[in-house]
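A.B. asks: Heads up, the sequence shown is in the working numbering, so the first residue is 10 and it goes up one at a time.
Beta carbons are placed, not taken as given, at the ideal position from N, Cα and C, and that holds for glycine.
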Amino acid sequence: MRKVKSRLALLLAVIMIAGSLQLPVFAVRRSGAGIPSGASAEAGVEDPGQITETELLDLVPDSAGTGGTEPQDPVDTTWTVIFDANGGTFPGGETQISLDVEKGLAVQFNSEPLTTADRYFAGWKTQDGTLINDAYSFVPENDITLYAFWKDKKKVENISLNHHELTMSVGKTAALSATVLPEDAYDRSFTWKSGNPGVAAVNNNGKVTAAAKGTAVIKAAANDGSGVFAECKITVRQPVTSLTLNKTSLTVNRGATATLTATVGPSNADNKKVKWTTSNSSVATVSSTGAVKGVKKGTATITATAADGSGKKAACTVTVKQPVTSVKLNKTTLTIDAKKTATLTATVGPSNANNKNVKWTTSNKSVATVTSDGKVKAIKKGTATITATARDGSGKKATCKVTVKQPVTSLTLDKTDLKLKIGKKSTLKATVKPANANNKDVEWTTSNKSVATVTSDGKVKGIKYGTATITATARDGSGKKATCKVAVIRMVTKIMLKAPKRQLKIKDTEKIIVTVSPGNAYDKRVEWTTSDKKIATVDAYGLVRGIKAGTVTITATAKDGSGTKASCTILVTK
Numbered sequence: 010m011r012k013v014k015s016r017l018a019l020l021l022a023v024i025m026i027a028g029s030l031q032l033p034v035f036a037v038r039r040s041g042a043g044i045p046s047g048a049s050a051e052a053g054v055e056d057p058g059q060i061t062e063t064e065l066l067d068l069v070p071d072s073a074g075t076g077g078t079e080p081q082d083p084v085d086t087t088w089t090v091i092f093d094a095n096g097g098t099f100p101g102g103e104t105q106i107s108l109d110v111e112k113g114l115a116v117q118f119n120s121e122p123l124t125t126a127d128r129y130f131a132g133w134k135t136q137d138g139t140l141i142n143d144a145y146s147f148v149p150e151n152d153i154t155l156y157a158f159w160k161d162k163k164k165v166e167n168i169s170l171n172h173h174e175l176t177m178s179v180g181k182t183a184a185l186s187a188t189v190l191p192e193d194a195y196d197r198s199f200t201w202k203s204g205n206p207g208v209a210a211v212n213n214n215g216k217v218t219a220a221a222k223g224t225a226v227i228k229a230a231a232n233d234g235s236g237v238f239a240e241c242k243i244t245v246r247q248p249v250t251s252l253t254l255n256k257t258s259l260t261v262n263r264g265a266t267a268t269l270t271a272t273v274g275p276s277n278a279d280n281k282k283v284k285w286t287t288s289n290s291s292v293a294t295v296s297s298t299g300a301v302k303g304v305k306k307g308t309a310t311i312t313a314t315a316a317d318g319s320g321k322k323a324a325c326t327v328t329v330k331q332p333v334t335s336v337k338l339n340k341t342t343l344t345i346d347a348k349k350t351a352t353l354t355a356t357v358g359p360s361n362a363n364n365k366n367v368k369w370t371t372s373n374k375s376v377a378t379v380t381s382d383g384k385v386k387a388i389k390k391g392t393a394t395i396t397a398t399a400r401d402g403s404g405k406k407a408t409c410k411v412t413v414k415q416p417v418t419s420l421t422l423d424k425t426d427l428k429l430k431i432g433k434k435s436t437l438k439a440t441v442k443p444a445n446a447n448n449k450d451v452e453w454t455t456s457n458k459s460v461a462t463v464t465s466d467g468k469v470k471g472i473k474y475g476t477a478t479i480t481a482t483a484r485d486g487s488g489k490k491a492t493c494k495v496a497v498i499r500m501v502t503k504i505m506l507k508a509p510k511r512q513l514k515i516k517d518t519e520k521i522i523v524t525v526s527p528g529n530a531y532d533k534r535v536e537w538t539t540s541d542k543k544i545a546t547v548d549a550y551g552l553v554r555g556i557k558a559g560t561v562t563i564t565a566t567a568k569d570g571s572g573t574k575a576s577c578t579i580l581v582t583k
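1. If you reduce the DSSP assignment to three classes, tell me which class Glu166 lands in.
2. On the DSSP bridge assignment, give the partners of Thr412 in chain order.
3. What residues in its chain sit with their C-beta under 7 Å from that of Ser335, if we drop five residues either side in the sequence?
4. Is DSSP giving Ala94 helix, strand or coil here?
5. Measuring CA to CA, which of His172, Asn339, Arg128, Gly113 is closest to Lys162?
6. Leu353 lies in the beta strand (DSSP E); which residues open and close that run?
7. If contact is defined by three or more beta carbon pairs under 8 Å, each pair taking one atom from either stretch, is the stretch 318-329 in contact with the stretch 340-356?
8. Going residue by residue through the stretch 427-501, where are the continuous beta strand (DSSP E) segments of at least 3 residues, counting only ones entirely within it?
9. Tell me the rounded alpha-carbon separation between Leu580 and Val561.
10. Which residue wins for smallest C-alpha separation from Val116, given the options Thr154, Ala131, Gly97, Thr582?
11. Are there 16 or more other CB atoms within 10 angstroms of the CB of Ser107, so buried, or fewer, so exposed?
12. Please confirm whether Lys112 and Ala131 have their CB atoms less than 9 Å apart.
13. If you drop the 5 nearest sequence neighbours on each side, which residues of the same chain put their C-beta closer than 8 Å to that of Val179?
14. DSSP on Arg128, reduced to helix/strand/coil?
15. Excluding the 5 residues flanking Ser251 on each side, which residues of the same chain have their C-beta closer than 6 Å to its C-beta?
16. Quick one: what does DSSP say Ala221 is sitting in, helix, strand or coil?
17. For the beta strand (DSSP E) containing Ala278, name the first residue and the last one.
18. Leaving aside the five residues before and after Lys216 along the sequence, list all residues of the same chain whose C-beta is less than 7 Å from its C-beta, in chain order.
19. Would you list, in sequence order, the uninterrupted alpha helix (DSSP H) runs of no fewer than 4 residues that lie entirely inside the stretch 195-256?
20. Let me check understanding here. Comparing Cα to Cα, which of Val110, Ala491, Val413 lies closest to Asn8?
21. Cβ atoms of Leu259 and Phe272: under 9 Å apart, would you say?
22. Bridge partners for Tyr156 per DSSP, in chain order?
23. Please identify the residue among Lys389, Ala477, Trp285, Thr396 whose C-alpha is closest to the C-alpha of Leu429.
24. Near Val547, which residues of its chain fall below 6 Å by C-beta distance, leaving aside the five closest residues on each side in sequence?
25. Nearest by alpha-carbon distance to Thr502: which of Ile521, Lys302, Ser459 is it?
26. Check Glu150 in the structure and name its three-state DSSP category.
27. For Lys516, which three-state DSSP category applies?
28. Is Thr86 helix, strand or coil when you go by DSSP?
29. On a CA-only basis, which of Lys434, Ile522, Ala315 is nearest Pro509? Give me that one, please.
30. Is it true that the stretch 433-445 meets the stretch 297-311, where meeting means three or more beta-carbon pairs spaced less than 8 Å apart?
31. Nearest to Ile91 by alpha carbon, out of Ala239, Asp196, Tyr156?
32. Taking the beta strand (DSSP E) that Glu111 belongs to, which residues open and close that run?
33. On the CB-based measure, 16 or more other CB atoms within 10 Å of its CB, does Pro527 come out buried or exposed?
34. Which same chain residues, not among the five before or five after Gly475, have their C-beta less than 7 Å away from its C-beta?
35. Taking the Cβ atom as the reference point for each residue, do Thr407 and Ala397 lie within a distance shorter than 9 Å?
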């Protein structure tokens, strides 16, 4: 055992002055082999020269000081404090150290460790077991022996991790944490280590960084030599790093489909599947394989998203157009003369079709041509098909069969003047050119059918005195015509009736006398008619017979076609 005594007058003077002034008493920590590890004293220094200026200034307040008392003789007023290592050793190898401490001064403990093989220093105890720890200063009140208090170095029994398995993507990080038991284990520290740092590395704080595709085992091992550890299996997957589509914009007709193709990179990505979505399913839908279907006119965004959770995606703007569903022409057949024109009109449906334009074509432009606005021009005799095709690519079309005819270019009559007697006939002959005209028929008309009539084959008949013009017109619509002036001899111009009796009884008869003018009229005959056969009849000679009571009109009309007539009223009585 080594004994240390304090003899430093200067130190005592400082303590005495502090006491007379009733200032706090300070304990001085002494460095050197004479002070046990974990203790210091105000007095009892064996070699005054070992107390440095720093030590004098490093005064620690002593709450147990006795300020105001006269200083005592250090030798006569000291307590002996013995520090017993209690099975251990001090840093210098001693098992026991004795320290003389001036009465009223404190011994301040620190926690510098004593050593033993399998235990650790936990403080000082008195012989009766009272713990004198390093949380405060100890002021001895008598000679005392303090014994080192030792605790067993308890080993780590269990380490548990917050994860037993983790799946990570390359470049990502994850945090592992460990729980070490028991909580009072002497050394609860542990070390993180990766079994395959090329795949997954771990730092001292348990932060795991995925480096490459593969597997690695992360271990947390106790540092106390207990051999206790815990492991976490790390599976590192290669995430999708890029996703592109074969098209960034797409136009599709309503009801039609088109397929988008997604390219996923890198080629060794663990999950190369994609999820297809649409921003507006009422405009365009998309299947799980990327088949896009146009639903209605509008725009929608189709998005392909990597299914591995990497967040990679690509989008395509889809424009859905309303295609043409029908094309109709105002005519399905058209007959037109050579050199003439006609216009066809196309109606495109539905009304909201994106492109309602049509393309006009002809099957035989030597017969008929057509312009971009549907105007057909006849070139020569023959047939051609005019087609209007929707320009939106829908394939919808409509056709019109065009027949081009050769029109009549000239029409002549064999006579330009003709004289007829009333009732006489004569035939006119028409010559139509060219010989290949489609329709060489002519229509015959008279300017005054009361003078002269004409039949459909050109036969002219004189009806009454006067003149008329007979016209032959080409029926092909070419407008070609020819005329003949006809003069007709005299006809009846006046008829006079004379009825001796204007009244007759039922069943009685009376002949009406007729006079025709002029006297030289070619045909003086008349035709008799009654206005009511139920009242009276009249025969071809003008004989009237009463049938029943009433009034009737008897009319005589010239038969020469002049239209001359006369009437008289007959009263039939009972």
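C.D. replies: On the basis of the coordinates in this document:
1. coil
2. Thr344, Thr392
3. Gly358, Lys405
4. coil
5. Arg128
6. Neither: Leu353 is in no beta strand (DSSP E) and is coded neither H nor E.
7. no
8. 434-436, 439-442, 451-455, 461-463, 468-471, 475-483, 490-497
9. 7 Å
10. Thr154
11. buried
12. no
13. Ala219, Ala220, Ala221, Lys222, Val245, Arg246, Gln247, Pro248
14. strand
15. Gly274
16. coil
17. Premise fails: Ala278 is in no beta strand (DSSP E) and is neither H nor E.
18. Thr182, Ala184
19. none
20. Residue 8 falls outside the range modelled here, since the chain spans only 10 to 583, and no answer is possible.
21. Note that residue 272 is Thr in the sequence shown here, rather than Phe. Their beta carbons are not under 9 Å apart, which means Thr272 does not touch Leu259 by this criterion.
22. Asp93, Lys134
23. Ala477
24. Trp537, Thr539, Val553, Ile563
25. Ser459
26. coil
27. coil
28. coil
29. Ile522
30. no
31. Tyr156
32. 105-111
33. exposed
34. Asn457, Val460, Val497
35. First, the residue type needs correcting, since residue 407 is Ala and not Thr in the sequence shown. Yes, Cβ-Cβ distance for Ala407 and Ala397 is below 9 Å.
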